[in-house]
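All the letters of the sequence shown, read from the start, carry residue numbers 1 to 144 under UniProt numbering. As structure tokens, the structure follows; a few thoughts come after it.
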Amino acid sequence: MRLSDDPTSGLSTNESSSTSLLTRHGLLAHKASLIVDDTALTAERSTFLMGKFKSLHLRVKDVDDGGDIGMMRHNSTTREDSQIIHDPSAVRAKGCGKILKSSKEKSLSKGNRQCRTCGQNGHDKRTCPTRFEMLERYEYMLAI
């Protein structure tokens, strides 16, 4: 039975290529810590494991997995595994006052309102002086 086919390893052969670096690192570190916990009880087990770790480390260095390992040695992270985290946008604190604008800034930002009824500036549909005249004409037309 291979390690990749072991159901307790946490990685199958299909999953090992698609999992992220952090996931693989976490699974391997967990397995290694379990082994170290079992072997640290006696000196014989510890020396045996140290020898196995040395030989295993040499074998892992010799494995060539299509250039991925060489690329990982040169670059600490790959493009898929790295994410750029930016600072959050500035948020105003509670109790922070409004920005005081001059009258010129207010007039530039607001623009002039235009009445939808008569098309003139300076008032809107609710306060249009000609609205009542138009309503009277409309009611008169309906009455005829």
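In this text, a Cβ means the ideal position worked out from N, Cα and C, and glycines have one as well.
Lys98 versus Lys104: straight-line alpha-carbon distance, rounded:
17 Å
Output the distance between the C-alpha atoms of His123 and Met134, rounded to the nearest integer angstrom.
16 Å
Whole angstroms are fine: how far does the CA of Lys94 sit from the CA of Thr117?
42 Å
Here's a check: name, in chain order, each residue in its chain whose Cβ is nearer than 8 Å to the Cβ of Asn112, leaving out the five neighbours to either side.
Asn121, Gly122
According to the Cβ coordinates, are Lys125 and Cys115 closer than 8 Å?
yes
For the putative contact between Leu49 and Thr39, defined by C-beta atoms under 8 Å, what is the C-beta separation to the nearest angstrom?
4 Å
Residue from Thr42, Ala43, Ile35, Leu41 whose Cα sits closest to the Cα of Phe53:
Ile35
Could you tell me the distance, in whole angstroms, from the CA atom of Ser76 to the CA atom of Leu21?
Per-residue confidence for Ser76 stands at a pLDDT of 48, beneath the threshold of 50, marking its modelled position as unreliable; the derived number appears in the next sentence. Their Cα atoms are separated by approximately 11 Å.
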